[in-house]
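Peer 1:
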């Protein structure tokens, strides 16, 4: 029995995309099992969805995706959820893939169910594909458990709440997602990878390749000691 499942969606200035994402999600999940974490949006993101009356946490200023996901973990633990599913609110994660995660959660065989966009990379920019492959290879080598992780930068994932402790993590931004896999992989947690869609629009990403590469390297070097 998989138990209770919370779906957390961290957002920052996603007024254009979040309503459509939620329209798809609410066909699959109950509203009470959703959590929106607004990381200091200034474009009226929460105003656009306030009629849905969803559970919401709001930051006065932008604090980073890692902080938002740690808050989601804390909320899941306080509300006695067994699983935390994380997906982005920018339209790059398709709600139609959500049932795939729920199916694997129901089998109760894994600690992490990780989306893999690389089998169906579609519109993913080539630069992003290569950076994903390289960072995934590096993390696989650092974990060193015999498993090759394919898309460690994918934020669409399910995490068993009992496998996580907040004090294990130090990253505040996007690298939190890599840190989670690194820590759990080294602790022997079971990570399953499932193919999902890759949805990329021709819009400016909130990810900054150079700065985020440097942060990733910082995470790598720190993990060696």
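Numbering (my numbering), first residue to last: 35 to 259. C-beta: ideal position from N, C-alpha, C; glycine also. Fair warning: this is a prediction, and the values are worked out from it, not measured in the lab.
#1: Which residue comes first and which comes last in the beta strand (DSSP E) that contains residue 90?
#2: Measuring CA to CA, which of 64, 251 and 139 is closest to residue 87?
#3: In the DSSP assignment, find the alpha helix (DSSP H) that holds residue 107 and state where it starts and stops.
#4: Going by C-alpha to C-alpha distance, which of 70, 195 and 206 sits closest to residue 114?
#5: State buried or exposed for residue 127, treating a residue as buried only when at least 16 other CB atoms are found within 10 Å of its CB.
#6: Give me, in chain order, the residues of the same chain whose beta-carbon lies closer than 8 Å to that of residue 145; leave out the 5 immediate sequence neighbours on both sides.
#7: Does the distance from the C-beta atom of residue 109 to that of residue 73 stay below 7 Å?
#8: Assess, as a yes-or-no matter, whether the stretch 52 to 62 is touched by the stretch 165 to 178 under the definition of 3 or more beta carbon pairs within less than 8 Å.
#9: Closest to residue 121 by CA distance: which of 191, 187, 180 and 39 is it?
#10: In chain order, what residues of the same chain lie with their CB nearer than 7 Å to the CB of residue 101, ignoring the 5 residues before and after it?
Peer 2: Once the coordinates are examined:
#1: Indexing the chain shown from 1 puts residue 90 at position 56. Here the beta strand (DSSP E) through residue 90 covers 90 to 92.
#2: Residue numbering aside, residue 87 sits at position 53 when the chain shown is read from its first letter. Closest in C-alpha terms to residue 87, from the list 64, 251 and 139, comes 64.
#3: Numbered from 1 along the chain shown, position 73 holds the residue referred to as residue 107. Per DSSP, residue 107 belongs to the alpha helix (DSSP H) from 99 to 112.
#4: Numbered from its first residue, the chain shown carries residue 114 at position 80. Residue 114 has its Cα closest to that of 195, out of 70, 195 and 206.
#5: Position 93 of the chain shown, counting from 1, holds the residue named residue 127. Result: buried.
#6: In the chain shown, counting from the first residue as 1, residue 145 sits at position 111. Counting only Cβ-Cβ distances below 8 Å, and skipping sequence neighbours, we find 193, 194, 197, 218, 223, 224 and 225.
#7: Position 75 of the chain shown, counting from 1, holds the residue named residue 109. Position 39 of the chain shown, counting from 1, holds the residue named residue 73. No.
#8: Taking 8 Å as the limit for Cβ pairs, the verdict is that the stretch 52 to 62 does not touch the stretch 165 to 178.
#9: For the purposes of this step, residue 121 is identified with residue 87 of the chain shown, where counting begins at 1. Answer by Cα proximity: 191.
#10: Working through the chain shown from its first residue, we reach residue 101 at position 67. Excluding residues within five positions, the ones whose Cβ falls inside 7 Å are 206.
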